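In the numbering used here, the protein residues as written are 19 to 184.
The beta-carbon is built from N, C-alpha and C at its ideal position, and this holds for glycine as well.
Only a predicted model underlies this, so the values are computations on that prediction, with no experimental measurement involved.
Presented below is the structure to which this report refers.
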């Protein structure tokens, strides 16, 4: 009888799957790009949602910068080139924007609506952490069946014969 149980060949290292990073980078980039251009193209609807602003130039400046960060993240995700610098830009931006939201809502400077953005920023940071820590650095080796492979390959070099007719 032939033993068909798998024979592990050892643990094989595996690079981190870039798709997890591409997804979080693409989603964050799209969110930043859309929220960044919103005041540039619809300042009235932006103020209706977030409250009146006194220095519109500052709203336009922050919106432009957030849109540029978003476009950069979308570009990195589309090209599949998620570098350490990309991760620092993404996580650092999310932490900074989230802290600004919470601090200035607590001080009564901006509307409570910004807490929704703070929640989104927190979710993005959490997603980055999960993408980084949730990806295994190794995986068990694929089971190998060398004895079955040897049986199947015994006649591989022999010229095939014509089918037997009955």
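*Taking all protein chains shown into account, decide if residue 121 is buried (16 or more other Cβ within 10 angstroms of its Cβ) or exposed.*
Exposed.
*With DSSP as the reference, label residue 49 as helix, strand or coil.*
Three-state DSSP puts residue 49 in a helix.
_Tell me the rounded alpha-carbon separation between residue 46 and residue 152._
CA-CA distance, residue 46 to residue 152, rounds to 18 angstroms.
*For the candidate residues 37, 61, 48, whose alpha-carbon lies nearest to that of residue 138?*
The candidate whose alpha carbon is nearest that of residue 138 is 48.
*First and last residue of the alpha helix (DSSP H) that includes residue 72?*
Counted as a single uninterrupted DSSP element, the stretch harbouring residue 72 is not any alpha helix (DSSP H), since DSSP gives it neither H nor E.
*asked:* Does the stretch 103 to 123 come into contact with the stretch 66 to 75, if we say contact requires no fewer than three beta-carbon pairs (one atom in each stretch) closer than 8 angstroms?
replied: Here the stretch 103 to 123 makes no contact with the stretch 66 to 75; the two share fewer than three CB pairs at distances below 8 angstroms.
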